[in-house]
Amino acid sequence: MDQLLNGKVAVITGGANGLGQATAELFAKAGAKVVIGDLDAAAGEAVAKGIGETCRFQRTDVSKPEELQALCDLAVSAFGGLDIMCNNAAVPNRMVRLLDDDLDAFDRVFDVNVRAVIRGTQIAGRYMRDHGGGVILNTSSIAGIVASFGVTSYRASKAAVIHASKNAAIELAGYGIRVNCLVPGQIETKLIKDALAANTDPVLLDKLEMAIREVMDSYQPLRRRGMPEDVAQAALFLASDNARYITGVVLPIDGGITAGDAHNYIEKFDEARRRVMAEAGVSE
Ligand SMILES: NC(=O)c1ccc[n+]([C@@H]2O[C@H](COP(=O)([O-])OP(=O)(O)OC[C@H]3O[C@@H](n4cnc5c(N)ncnc54)[C@H](O)[C@@H]3O)[C@@H](O)[C@H]2O)c1
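Numbering (my numbering), first residue to last: 0 to 283.
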């Protein structure tokens, strides 16, 4: 593989699982030294061990400023710098509709998904300003672009990430810092199960996830479920010098979901037309 990130040092929050893990592994393959910060120490240690000497894990709660700062400091002390900051960690919101939502998760969702992303941008931005520039990648979601039913706090948090990233792109461009926003679609990770976590029975949880995934799969214009590596590849491009003139973009990696109406309403119009014709006894 091309060593697109040779000599670069990357910090990835939420790198113990899912998209962050895939990004850490791909960045390491592309020649980067990687520092992972995550609450999940067992998974984080395992990912770091799998990558080897070019990776470090540090247990980090990104909502705690001193822990986020310490994570970035580790990149500098262990590997000599900080070139790429991936603010990827986030928490889901229980699947609940607006009028039934007691907003009990709101503060945590905004602390982790928004405040920590802005703070991570600040911490990395200050270092990069003083050391010749860098790249910041913030992870939003299609939920931050498309409104729908439910999970209002999560959607609002992901919309905030988009705007904060664009703002940072403009403010930091003068220091040679590019800031871009990744917008994953429906990617196979444990996020859905976490959003359903009120149901503790593992068999029921599996069934619920399968039912939800079936519905999600029917919305995929590209006709397959997104995988963590699909997002990692986009992150690799944006982090690399190949994207040297790209800043402030909001890049969906969603198989086409946000391109338009994935319900294929034209097909449904046609079904309706045929039904009415058949009921009226009119042959085509
Ligand atoms: N999977 C999807 O379909 C999807 C879709 C759109 C956006 N996203 C976004 O992608 C990013 C990664 O999600 P994922 O699907 O890989 O989820 P995941 O649950 O597999 O991974 C998220 C990681 O973040 C960590 N984390 C949570 N809170 C933290 C905290 N306070 N401090 C440090 N680490 C913390 C978790 O321990 C976990 O390892 C998130 O920003 C998520 O909102 C995911």
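Even glycine gets a Cβ: it sits at the ideal position worked out from N, Cα and C.
Relative to ligand 1, Ser147 has its C-beta separated by 7 Å or more from all heavy atoms.
Note on Thr199: under 16 other CB atoms within 10 angstroms of its CB, so exposed under the neighbour-count rule. Separation of Asp39 and Asp260 (C-alpha to C-alpha, rounded to the nearest whole angstrom) is 37 Å.
For Ala9, the CB contacts under 6 Å within the same chain, skipping 5 residues up- and downstream, are Phe26, Ala31, Val33, Ile83 in chain order. According to the DSSP secondary-structure assignment, Ala9 is paired through a beta bridge with Val33, Ile83. Residue burial is scored here from C-beta neighbours: Ala238 has at least 16 other C-beta atoms within 10 angstroms and is therefore classed as buried.
Pairing Ala146 with Ala258, the inter-Cα distance amounts to about 14 Å. Residue environment: Asp99 is assigned as exposed (fewer than 16 neighbouring CB atoms within 10 Å of its CB, all protein chains considered). If you look at Arg58, you'll find it in the beta strand (DSSP E) that goes 54 to 58.
Residue environment analysis places Val249 among the buried positions, since at least 16 neighbouring C-beta atoms fall within 10 angstroms of its C-beta. Relative to ligand 1, the beta carbon of Asn179 is positioned no closer than 7 Å to any heavy atom. Listed in chain order, the non-local C-beta contacts of Gln68 below 8 Å within the same chain comprise Ile122, local neighbours out to five positions each way being set aside.
With a cutoff of 8 Å on beta-carbon distance, Asp253 and Ile141 are scored as near each other.
Under the three-state reduction of DSSP, Val61 is assigned to coil, being neither helix nor strand.
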